[in-house]
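Sequences listed follow chains A and B, in order.
Using the working numbering, the letters of the first sequence correspond one by one to residues 9 to 126.
Using the working numbering, the letters of the second sequence correspond one by one to residues 1372 to 1485.
In what follows, a single structure is set out as structure tokens and then discussed.
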Amino acid sequence: AQSVTQLDSQVPVFEEAPVELRCNYSSSVSVYLFWYVQYPNQGLQLLLKYLSGSTLVKGINGFEAEFNKSQTSFHLRKPSVHISDTAEYFCAVNPANAGGTSYGKLTFGQGTILTVHP
Amino acid sequence: EAGVTQSPTHLIKTRGQQVTLRCSPISGHTSVYWYQQALGLGLQFLLWYDEGEERNRGNFPPRFSGRQFPNYSSELNVNALELEDSALYLCASSLGTGETDTQYFGPGTRLTVL
């Protein structure tokens, strides 16, 4: 089975400051990793994903994330945030070569609420 | 290209009633997934359908059920509603059943059970 831990439930930051949202995962098999964003009263929007290859992944809206296999982490970063980045961010994993109950389902972290202040 | 659509947007039901939620996937996608986002419980996987067949099921009681139609749209049915069923129900779709296929989410249906 897989589990995802988002280390911060809330992250307040001022506009134009850098931000890092932390995500650690646990899995007995290789995983694919995703970050989604949820704006108030909306569904989830894919920010970026890591499937293979370069461990630094760039996504939409200036976000990027780095996969660290040894630390089982996939932290999300943005060098300069905007007010419009205020939202809840979810890290998720999908196991590779999975069978049984893990097949095809995303396991999500509890979410990190990013609040950008002017 | 249209995204995943869900209907209705909101609905209110009372305990013991039954409800049906609907989802239309992105054109060309054959897999549909259902997730529940309840306050304090996070996002939990409910069901996965592909080519009309149930492929996987999360840890939910049998009163949660669904189906997928030949046009790949899907319904989620919840019988004998309980107060704790109040949640945002999210539908997602993917191109196929490959483990690298990305799931794209719809806007959700907000269910309130009184």
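Each residue gets a CB set at the ideal place from its N, CA and C atoms; glycine is no exception.
Sub-8 angstroms separation of residue i and residue j beta-carbons
i, j, result
"G67 (chain A)", "L56 (chain A)", "yes"
"L1482 (chain B)", "F98 (chain A)", "no"
"A100 (chain A)", "F42 (chain A)", "yes"
"E23 (chain A)", "I91 (chain A)", "yes"
Candidates the options, of which the one nearest residue i by Cα
i, options, result
"N1442 (chain B)", "B:H1381, B:K1384, B:V1403", "B:V1403"
"Y1460 (chain B)", "A:L52, A:Q118, A:V37, A:A73", "A:L52"
"S1378 (chain B)", "B:G1469, B:S1398, B:V1484, B:G1479", "B:G1479"
"V45 (chain A)", "A:A25, A:S36, A:S34, A:E72", "A:E72"
"Y40 (chain A)", "A:A104, A:F116, A:Q118", "A:A104"
"S36 (chain A)", "A:V12, A:Y47, A:N49, A:G117", "A:V12"
"I1491 (chain B)", "B:T1468, B:Y1475, B:W1419, B:L1452", "No information on residue 1491 (chain B) is available, as it lies outside the stretch 1372 to 1485 that chain B covers here."
"Q18 (chain A)", "A:A9, A:R30, A:L64, A:K77", "A:R30"
"Q1388 (chain B)", "B:D1472, B:N1450, B:T1473", "B:N1450"
"R1426 (chain B)", "A:A9, A:G117, A:Q118, A:G112", "A:G112"
Span of the beta strand (DSSP E) around residue i
i, result
"I121 (chain A)", "120-125"
"T13 (chain A)", "11-14"
"T1376 (chain B)", "1376-1378"
"L55 (chain A)", "52-58"
"D1421 (chain B)", "1413-1421"
"P1433 (chain B)", "That residue, P1433 (chain B), is in no beta strand (DSSP E); it is neither H nor E in DSSP."
"N32 (chain A)", "31-34"
(request) Select from the segment 46-79 of chain A all residues with a C-beta closer than 9 angstroms to any C-beta belonging to chain B, and list them in chain order. (result) In summary, the residues of the segment 46-79 of chain A whose CB is separated from some CB of chain B by less than 9 angstroms are Q46, N49, Q50, G51, L52, Q53, L54, K57, L59, S60, in the order they occur in the chain.
(message) Can you confirm whether the segment 76-87 of chain A touches the segment 1389-1408 of chain B when touching is taken to mean that 3 or more C-beta pairs between the two stretches lie within less than 8 angstroms?
(response) Output reads no: the segment 76-87 of chain A does not touch the segment 1389-1408 of chain B.
(request) Say whether the segment 115-123 of chain A touches the segment 1421-1441 of chain B, bearing in mind that this needs 3 or more beta-carbon pairs closer than 8 angstroms, one atom from each stretch. (result) Touching, no.
(message) Could you check whether the segment 1390-1398 of chain B touches the segment 1445-1453 of chain B, counting it as contact only if at least three pairs of C-beta atoms, one from each stretch, sit closer than 8 angstroms?
(response) Touching, yes.
(message) At a CB distance below 9 angstroms, what residues from the segment 1387-1408 of chain B approach chain A? Give them in sequence order.
(response) For the segment 1387-1408 of chain B, which is checked against every Cβ of chain A, the residues closer than 9 angstroms are S1402, Y1404, Y1406, Q1408.
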